[in-house]
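Participant: Below: one structure in structure tokens.
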């Protein structure tokens, strides 16, 4: 990240300790989980400045939060050009991944759920001081992180004014298996950082150079680690993935079969999946994306979907389904949803950085205007009342309750 734009403040926060799966950590040690959080504050901000939007970002599986820093750079410039100020951007690595995964590596288990990451973000919001994370708050989530922000918005409907969901993993089916197959057979240790970067340049060849530079710095870590305690076996200065291959795979898919570790009973997985989604010949599943997909009508915040044209997660049918469902149900936004489709694959925020930032900024600008108007209208009505009027039942209230009671008593018995 260009340090001329942001001041980076590191936080270590306690993590959501009640996990979806008992096997997520060593028994009785979930209370020890910690979350590595970064707060990005524009250097141009001063304590005297009022207002501005708080952004909360969430990452995709196996992707360090630092990979999104070029996006924040470009988003900052785009927002500034529209006369909008970013108060701060908050982002945390999931408890089992990247820097958080390093903090927790000696207590992590092998049974992952998508949901605790979103709740950990909510916990971080609650623990932060109001002056550090005030409303309006807009969430920007990619891939797995997009699904987790949507789930958090279902859990806490008024937390976000709006959501930007970048190629989110929200749909039925087991698309995670395609990515799991690729990850399962890739290398995990290299003799040097230079060797690792040389090999990784091929699959990441479409990435913005700024993102690739961030991956070289944060996507790899030096040995020794818990998994590889003896570095001399691999070379002079060997490196491995910061998020272990195993933790990445545990996140993509979960076994249906009894493996002696997850503790699930035979066929327990069937209770977590809609019957239409059962793939009898595939020994893995991942239920959370489907759960959120079926609840899209309940989403209260406005939503911008940034789809990737060549992503297997966002084919034309999947895009249409999300647009048709989002916010249209009871408690939803009334269908306040937009879409942008950019050329590129699932890692579109790393391939089309400025395009993603431009789409995000335009949407955020509109949503902040809506928030300002709604807030102003409320304050005008609220401030027009005296303090005494605000804390009593008024005449109109009493009139309506008396009328309702009168109508109720005049109803003739049906028998």
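In UniProt numbering, the protein residues as written are 1 to 415. All C-beta atoms, glycine included, are put in the ideal place defined by N, C-alpha and C.
Determine whether the beta carbon atoms of residue 326 and residue 97 lie at a separation below 8 Å.
Facilitator: No.
Participant: Considering only DSSP beta bridges, list what residue 11 is partnered with.
Facilitator: Residue 11 pairs with 37.
Participant: Looking at the secondary structure, which residues open and close the beta strand (DSSP E) in which residue 139 lies?
Facilitator: 137 to 142 is the span of the beta strand (DSSP E), which, as asked, contains residue 139.
Participant: Just the Cα atoms here: how many angstroms apart are residue 172 and residue 180?
Facilitator: Distance between the alpha carbons of residue 172 and residue 180 is about 17 Å.
Participant: Do the segment 52 to 69 and the segment 240 to 254 touch if we need at least three Cβ pairs shorter than 8 Å?
Facilitator: Yes: at least three Cβ pairs fall under 8 Å.
Participant: For residue 15, count neighbouring Cβ atoms within 10 angstroms of its own Cβ and tell me buried if that reaches 16, exposed if not.
Facilitator: Buried is the call here.
Participant: Do residue 346 and residue 313 have their CB atoms nearer than 8 Å?
Facilitator: In contact: residue 346 and residue 313 (Cβ atoms closer than 8 Å).
Participant: Please say whether residue 115 and residue 146 have beta carbons closer to each other than 8 Å?
Facilitator: No.
Participant: Quick one, which of 310, 167, 352 has its alpha-carbon nearest residue 207's?
Facilitator: Selected option, being the one with the closest Cα: 352.
Participant: Could you give the uninterrupted runs of the alpha helix (DSSP H) lying entirely in the segment 64 to 98, keeping only those of 4 residues or more?
Facilitator: Here the runs fully enclosed are 69 to 81.
Participant: Can you tell me whether DSSP reads residue 293 as helix, strand or coil?
Facilitator: In the structure shown, residue 293 sits in a helix (DSSP, three-state: H, G or I).
Participant: Under 8 Å by Cβ, that's how I've got residue 211 and residue 70 pegged, so tell me the actual separation to the nearest angstrom.
Facilitator: With a Cβ gap of about 6 Å, residue 211 and residue 70 count as contacting.
Participant: Counting only the same chain and skipping the five closest in sequence on each side, list residues whose C-beta sits under 6 Å from that of residue 109.
Facilitator: So the qualifying residues of the chain are 23, 24, 25.
Participant: Classify residue 301: buried if its beta carbon has 16 or more other beta carbons within 10 angstroms, exposed otherwise.
Facilitator: Under this definition residue 301 is a buried residue.
Participant: Closest to residue 282 by C-alpha separation, out of 178, 104, 73, would be which residue?
Facilitator: Considering only alpha carbons, the answer is 178.
Participant: Which residue from 99, 94, 100 puts its Cα closest to that of residue 113?
Facilitator: Residue 113 has its Cα closest to that of 94, out of 99, 94, 100.
Participant: At which residues does the beta strand (DSSP E) containing residue 220 begin and terminate?
Facilitator: Residues 220 to 222.
Participant: Suppose only complete runs of 4+ residues qualify. What are the alpha helix (DSSP H) ranges in the segment 183 to 234, listed by chain order?
Facilitator: Listed in chain order, they are 193 to 200, 209 to 218.
Participant: Okay, do the segment 6 to 15 and the segment 34 to 46 touch, 3+ Cβ pairs below 8 Å being the bar?
Facilitator: They touch, by the three-pair rule.
Participant: On a Cα-Cα basis, can you pick out the residue from 357, 99, 390 that is closest to residue 82?
Facilitator: Cα-wise, what sits closest to residue 82 is 357.
Participant: Apart from the five residues just before and just after residue 395, which ones in its own chain have a Cβ nearer than 6 Å to its Cβ?
Facilitator: Result list for residue 395: empty, nothing under 6 Å.
Participant: Of the residues 30, 39, 287, which one's Cα is nearest the Cα of residue 6?
Facilitator: Out of 30, 39, 287, 39 has the C-alpha closest to the C-alpha of residue 6.
Participant: With DSSP collapsed to three states, give me the class of residue 112.
Facilitator: Looking at residue 112 - three-state DSSP - the assignment turns out to be coil, as it is neither helix nor strand.
Participant: Taking the alpha-carbon of residue 422 as reference, which of 248, 287, 232 has the nearest alpha-carbon?
Facilitator: Because the chain is modelled from 1 through 415, residue 422 falls outside the range shown and cannot be assessed.
Participant: Give every residue of the same chain whose Cβ lies closer than 8 Å to the Cβ of residue 68, excluding the five residues on either side of it in the sequence, and list them in chain order.
Facilitator: Cβ neighbours of residue 68 beyond the five flanking positions: 57, 59, 91, 142, 349.
Participant: Buried or exposed for residue 183, please, with buried defined as at least 16 other CB atoms from any protein chain shown within 10 angstroms of its CB.
Facilitator: Buried, since its Cβ has 16 or more Cβ neighbours within 10 Å.
Participant: Would you mind working out which of 54, 330, 225, 308 sits nearest residue 163, comparing C-alpha positions?
Facilitator: Nearest of 54, 330, 225, 308 to residue 163, Cα basis: 54.
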